[in-house]
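A.B. asks:
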Amino acid sequence: MTQSYNYELEISLYQYPFMESQYHPTLTEAEVQSRWEAQESFQAKEAEGKPKYYCLSMFPYPSGKLHMGHVRNYTIGDVLTRHRRMQGFNVMQPMGWDAFGLPAENAAMANGVSPSKWTYDNIAYMKKQLQSLGFALDWSRELATCDPKYYRWNQWLFTKMLEKGLVYRKTGTVNWDPVDQTVLANEQVIDGKGWRTGAEVEKREIPMYYMKITDYAPELLSALDELPGWPDRVKTMQANWIGRSEGLNISFPYALDGSDHTLKVFTTRADTIMGVTFCAVAAEHPIAEYASRHNRDVADFVDECQRGSTMEADLAALEKKGVPTGIYVTHPIDGREIEVWVGNYVLMTYGEGAVMGVPGHDERDFLFAKKYGIEIQQVIDVPGKEYSLESWQEWYAEKGVCVSSGKYDGLDFTAAVDAIASDLSTQSLGNKHTQWRLRDWGISRQRYWGTPIPIIHCDVCGDVPVPEEDLPVVLPDDCIPDGSGNPLNKLDSFLNCACPKCGKDARRETDTMDTFVDSSWYFLRYACADSQSSMLDDRANYWLPVDQYIGGIEHAILHLLYSRFWTKVMRDVGLISIDEPFDNLLTQGMVLNEIFFRKNESGRIEYFNPQDVELLLDDDGKRVGQTLVADGQPVETGGIRTMSKSKNNGVDPQSLIEKYGADTARFFMMFTAPPEDTLAWNDDGVEGAYRFMKRLWRYGFEHQKEIASGLQTKPTEFVSKVAKTSRRETHVLLQQANFDYDRKQFNTVASAAMKMLNTLEQVDGSQIEPSEMNGLISEGFGILLRVLFPIVPHITDALWRELGYSADIQFMEWPQVDDKALERDEVELVVQINGKLRSKILVSAVATKEEIEKVALDDQHVQNHVQDKVVKKLIVVPGRLINIVI
RNA sequence: GCCCGGGUGGCGAAAUUGGUAGACGCACGGGACUUAAAAUCCCGGGCCCCUUAAAGGCGUGCCGGUUCGAUUCCGGCCCUGGGCACCA
Numbered sequence: 003m004t005q006s007y008n009y010e011l012e013i014s015l016y017q018y019p020f021m022e023s024q025y026h027p028t029l030t031e032a033e034v035q036s037r038w039e040a041q042e043s044f045q046a047k048e049a050e051g052k053p054k055y056y057c058l059s060m061f062p063y064p065s066g067k068l069h070m071g072h073v074r075n076y077t078i079g080d081v082l083t084r085h086r087r088m089q090g091f092n093v094m095q096p097m098g099w100d101a102f103g104l105p106a107e108n109a110a111m112a113n114g115v116s117p118s119k120w121t122y123d124n125i126a127y128m129k130k131q132l133q134s135l136g137f138a139l140d141w142s143r144e145l146a147t148c149d150p151k152y153y154r155w156n157q158w159l160f161t162k163m164l165e166k167g168l169v170y171r172k173t174g175t176v177n178w179d180p181v182d183q184t185v186l187a188n189e190q191v192i193d194g195k196g197w198r199t200g201a202e203v204e205k206r207e208i209p210m211y212y213m214k215i216t217d218y219a220p221e222l223l224s225a226l227d228e229l230p231g232w233p234d235r236v237k238t239m240q241a242n243w244i245g246r247s248e249g250l251n252i253s254f255p256y257a258l259d260g261s262d263h264t265l266k267v268f269t270t271r272a273d274t275i276m277g278v279t280f281c282a283v284a285a286e287h288p289i290a291e292y293a294s295r296h297n298r299d300v301a302d303f304v305d306e307c308q309r310g311s312t313m314e315a316d317l318a319a320l321e322k323k324g325v326p327t328g329i330y331v332t333h334p335i336d337g338r339e340i341e342v343w344v345g346n347y348v349l350m351t352y353g354e355g356a357v358m359g360v361p362g363h364d365e366r367d368f369l370f371a372k373k374y375g376i377e378i379q380q381v382i383d384v385p386g387k388e389y390s391l392e393s394w395q396e397w398y399a400e401k402g403v404c405v406s407s408g409k410y411d412g413l414d415f416t417a418a419v420d421a422i423a424s425d426l427s428t429q430s431l432g433n434k435h436t437q438w439r440l441r442d443w444g445i446s447r448q449r450y451w452g453t454p455i456p457i458i459h460c461d462v463c464g465d466v467p468v469p470e471e472d473l474p475v476v477l478p479d480d481c482i483p484d485g486s487g488n489p490l491n492k493l494d495s496f497l498n499c500a501c502p503k504c505g506k507d508a509r510r511e512t513d514t515m516d517t518f519v520d521s522s523w524y525f526l527r528y529a530c531a532d533s534q535s536s537m538l539d540d541r542a543n544y545w546l547p548v549d550q551y552i553g554g555i556e557h558a559i560l561h562l563l564y565s566r567f568w569t570k571v572m573r574d575v576g577l578i579s580i581d582e583p584f585d586n587l588l589t590q591g592m593v594l595n596e597i598f599f600r601k602n603e604s605g606r607i608e609y610f611n612p613q614d615v616e617l618l619l620d621d622d623g624k625r626v627g628q629t630l631v632a633d634g635q636p637v638e639t640g641g642i643r644t645m646s647k648s649k650n651n652g653v654d655p656q657s658l659i660e661k662y663g664a665d666t667a668r669f670f671m672m673f674t675a676p677p678e679d680t681l682a683w684n685d686d687g688v689e690g691a692y693r694f695m696k697r698l699w700r701y702g703f704e705h706q707k708e709i710a711s712g713l714q715t716k717p718t719e720f721v722s723k724v725a726k727t728s729r730r731e732t733h734v735l736l737q738q739a740n741f742d743y744d745r746k747q748f749n750t751v752a753s754a755a756m757k758m759l760n761t762l763e764q765v766d767g768s769q770i771e772p773s774e775m776n777g778l779i780s781e782g783f784g785i786l787l788r789v790l791f792p793i794v795p796h797i798t799d800a801l802w803r804e805l806g807y808s809a810d811i812q813f814m815e816w817p818q819v820d821d822k823a824l825e826r827d828e829v830e831l832v833v834q835i836n837g838k839l840r841s842k843i844l845v846s847a848v849a850t851k852e853e854i855e856k857v858a859l860d861d862q863h864v865q866n867h868v869q870d871k872v873v874k875k876l877i878v879v880p881g882r883l884i885n886i887v888i
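At position 813 of the first sequence the residue is numbered 815 (this note's numbering), and the sequence of numbers has no breaks.
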């Protein structure tokens, strides 16, 4: 499709016979990618002399195919990687697969394929997709967590942690589906029923392995202060999750069956101790268990509490209820008899599983006391506030001054707590205590598709860890789960084994590890993915910590906290010398799309994909409605939400790449919103990105001759006004792009690039000597291509080579701003009167303040406004504006 | 309930952090090229008043404050997104 006006040009440029006049993304991208592959462009080597840069995106779960969130995530990572590489860093960007997990088991049940085959098929397909997007990934370091070569080290470190006392076995409460004979995660329990079976979920006590993350709670919290490269909100979320509270552990003595006991409670408000009128314990507390053996009502109540989900949000919504146990404890200060209740609002898993009830100053205790007629006593006074027993007021929980508290009257919070703590500690009835909200991490899953927990149960020796030389415990990969529990439980070849200690017949543990274990250290393994003899080697200390981590905000707590924990454990085992795994963290925003639906007569909702919906616009381009293309009838809009299968509002990246190419997809993703913002999908915007790619190609094609001769002569002097102006704009824009690259605001980098092309296109060749023109545009276009390269590597790579800049753009240095090009003779200043824009003046760049003031005051527009009024003040901001106050 | 974000044209957004609000792009309108369409190129544009232009007024969720000057800083409120949620 050669256009006639290009014909002669094309003939004359016989030395570039392969440059196409039209932009063909599919051909160009395939060609460029195969060259990168042939020269192993992205294989990272440990190199001294260059600063290293480890850029990591969160690895995907191989669910089948990439979704838009992946494309966005990995494009951000790739832009950072390629930019840093041109800046002279030794860059590594690896990729792998978070390959264990529940969806593989569900797919296996649905299709009768083993989870292993399903997973590896998905990996193969998604790897192709990633390659077609042109990401600079070092595939030589690829890993999959379901590979025994990987998960053997989960097992190895598990046994090391067992030795160090960082892993223990304990019976814990789980959601149990009695039909599927399996444990359900909290999010799999819907209205108290199993999501698959619909069966009433039971709470069940089963033995599980726990990792002592609580041992690291103080460091996990304090080290957050040493992570300036993390977003504040992520640090806040982690700090809240770790949940440090300072207070007192207090003991309430009591006698039972002739012996002495104490009831321990934790409180952050010891200053209210004189207002205690009852105590409450959790249903699982030993006192509750004792009482339920002697008291029918307590037994019934404890039973009731044990039914239903363990989900905390559900529990929080429950009405506060309780029963008295008939057991009385002694108030540790004034000796009053205090009754102990079982309360459904007391958590066994926090503090001591028991609370002192201060209904005067705690909202929950207040509601509880009201309901059961328990005495309410005010013991804290806040000046100017009137206490009433009628209803709860916010201020009751505020800190104030002790009243009706005997010797503590008049003390403020700190003084009261100190006095009470010292009084209690002399009687050994209390001490200061720091309580953490964080709980130990239960890693046992009653699942097949995960890392086998390397334990052997022996009747004689108990629970014996699998010795190092017997690792890995390989997961049989040909099982097909049928929905009735973990298939390993029926697999004798796996189950039966000999005890490593005594050699007698023993039984293998069939629980597998939480998949968060797999993802807690994969970023370390990339450094030495081929190491057979050890979990990590020296290369890890070269590459780590990760310089830039990129991933979804949904991992702000669990994954990022577990990874920090594992890194510290591995440090303490001597495997690595870093304290924290991720120097800088970027949490990318979600990809959203509009939801369209219709409700039929029976009330069922049918969702339509946005690609099948046409928007109706009025003359100004305002939305007035939308119809389904298929039948022309209106559909309703359900707002803009995250892309999901259930709402049918997803866009398949594959169709996008096939239609426009990877560069357009990448450019659109970067241009349309800053990385951390949510991104609303918009097909029109994709067209716009594609248009820019075509325009870029066309400019290169149409100016190939000038660029080629400009590159040969390389002029350094630019004398004409046209050239100076254009050059200044290009270098100003380069400065802007550099600034925005550094702060990772890639949408404005893309803007700056578009402006650069606008600037080049506006150069009027008839106003300028050909030699100067050639130098101008060869320099300008060269800057533009390099600025764009990290975002759209294929088109810029192809143009760079076709136009004869050099063989390979990716090894070029980042362009430099020429300060001389930024210089200007005259500057435009804004003239404000009382802060309002009234005029603009042109003055010499070296004009003095007095000269500027004179020009401003002489200006006709200014004269019109000032007239006979008195000029009270004159503010001159150099290079920017003059404000005249009248 | 507690803890974080965010409210700027018809839309996505920008404003180098107190100095020309709306860059860049999308959509829209007008024009050029074309038999026509697509593609491409040029021009226009926050709102109000006005036939138009010039000039002017109003504009960054709302109310108030600091300042020569506020999208930006301070106080109060409204809306919205997210996280945690009976944590004693």
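C-beta atoms are modelled at their ideal positions from N, C-alpha and C, and glycine is treated no differently.
1) Assuming Leu587 and Trp232 are in contact, meaning their beta carbons sit under 8 Å apart, how far apart are those beta carbons, in whole angstroms?
2) Using the Cβ count rule (16 or more neighbours within 10 Å means buried), how would you classify Glu774?
3) Does the structure place the segment 448 to 460 close enough to the segment 475 to 490 that three or more beta carbon pairs sit under 8 Å?
4) State yes or no: is the C-beta of Lys492 within less than 8 Å of the C-beta of Ala356?
5) Using CA coordinates, which residue listed in Cys57, Ala106, Lys757 and Pro117 is at the minimum distance from Asp479?
6) Hey, Leu562 and Trp243: beta-carbon distance below 8 Å or not?
7) In chain order, what residues of the same chain have a beta carbon less than 8 Å from the beta carbon of Pro19, not counting five sequence neighbours either side?
8) Taking Arg447 as the reference, give the member of Lys54, Phe102, Leu876 and Ala823 with the closest Cα.
9) For Phe368 and Val169, I'd like the C-alpha separation in whole angstroms.
10) Quick one: residues in its chain with C-beta nearer than 6 Å to the C-beta of Tyr56, no 5 flanking neighbours on either side, listed in chain order?
11) By how many angstroms is the C-alpha of Ser565 removed from the C-alpha of Trp523?
12) Kindly give me the distance between the Cβ atoms of Gln240 and Gly353, rounded to whole angstroms, as I take these residues to be in contact under 8 Å.
13) If you draw a straight line from the C-alpha of Gly591 to the C-alpha of Asp744, how long is it?
14) Output yes or no for whether 8 Å exceeds the beta carbon distance between Val360 and Thr264.
15) For a test of the three-state rule: what should DSSP assign to Arg729, helix, strand or coil?
16) Beta strand (DSSP E) containing Ile552: first to last residue?
17) Count the other CB atoms, across all protein chains shown, that sit within 10 Å of the CB of Glu719; report buried if there are 16 or more and exposed otherwise.
18) Spatial neighbours of Gly640 within its chain, please: CB distance less than 6 Å, with the 5 preceding and 5 following residues excluded, ordered by chain position.
19) In chain order, what residues of the same chain have a beta carbon less than 7 Å from the beta carbon of Lys601, not counting five sequence neighbours either side?
20) May I ask you to list the residues that DSSP assigns as paired with Ala356?
21) Between Ala531 and Leu538, is the Cβ-Cβ spacing less than 8 Å?
22) Under 8 Å, with one C-beta from each stretch per pair, do the segment 779 to 789 and the segment 698 to 708 reach the 3-pair mark?
23) Would you identify the three-state DSSP class for Ala315, choosing helix, strand or coil?
24) Checking the sheet assignment: what are the DSSP bridge partners for Met94?
25) Would you call the CB atoms of Ala285 and Val344 closer than 8 Å?
26) Does the contact criterion of 3 or more C-beta pairs under 8 Å hold for the segment 644 to 653 versus the segment 115 to 129?
27) Does the beta-carbon distance from Leu618 to Val626 come in below 8 Å?
28) Helix, strand or coil: which one does DSSP assign to Gln437?
29) Could you pull the DSSP bridge partners for Trp99 from this structure?
30) Within a Cβ cutoff of 7 Å, which residues of the same chain sit near Asn156, ignoring the five residues on either side of it in sequence?
31) So the candidates are Ile854, His435, Ser536 and Glu616; which of them puts its Cα closest to the Cα of Gly1?
32) In three-state DSSP terms, what is Asn75?
33) Please go through the segment 799 to 876 and give each complete alpha helix (DSSP H) segment of 4 or more residues, from N-terminal end onward.
34) Is it buried or exposed, Ile382, if we count other Cβ atoms within 10 angstroms and call 16 or more buried?
35) Would Cys501 and Cys463 qualify as a contact pair, given that the criterion is a beta-carbon distance under 8 Å?
36) Taking the straight line between their C-alpha atoms, what separation do you get for Ile252 and Ala225?
C.D. replies: Straight from the coordinates:
1) 5 Å
2) buried
3) yes
4) no
5) Residue Pro117 is the option with its Cα nearest to Asp479.
6) With contacts defined by Cβ atoms closer than 8 Å, Leu562 and Trp243 do not form a contacting pair.
7) Bear in mind that a pLDDT of 45 at Pro19, under 50, signals an unreliable position, so the model cannot answer this.
8) Arg447 has its Cα closest to that of Phe102, out of Lys54, Phe102, Leu876 and Ala823.
9) Taking the straight line joining both Cα atoms gives about 40 Å.
10) Met94, Trp545, Val548 and Asp549
11) 6 Å
12) At roughly 21 Å, the Cβ-Cβ gap does not stay under 8 Å, so Gln240 and Gly353 are not in contact.
13) Taking the straight line from one Cα to the other gives about 19 Å.
14) no
15) helix
16) Run containing Ile552: Gln550 to Gly554, per the beta strand (DSSP E) assignment.
17) With fewer than 16 Cβ atoms within 10 Å of its Cβ, Glu719 is classed as exposed.
18) Ile597 and Phe599
19) Ile607
20) Val283
21) no
22) Verdict: yes, contact present.
23) Below a pLDDT of 50, predicted positions are generally treated as unreliable, and Ala315, at 43, falls in that range; the measurement from the model is reported next regardless. Residue state, collapsed to three classes: helix.
24) Tyr56
25) The Cβ atoms of Ala285 and Val344 lie closer than 8 Å to each other.
26) no
27) yes
28) strand
29) Ala146
30) Thr453, Met515, Val519 and Asp520
31) With the chain running from 3 to 888 in the structure shown, residue 1 is simply not present.
32) helix
33) Listed in chain order, the complete alpha helix (DSSP H) runs (minimum 4 residues) inside the segment 799 to 876 are 821 to 824, 851 to 860 and 862 to 868.
34) Buried, because 16 or more other Cβ atoms sit within 10 Å of the Cβ of Ile382.
35) yes
36) 30 Å
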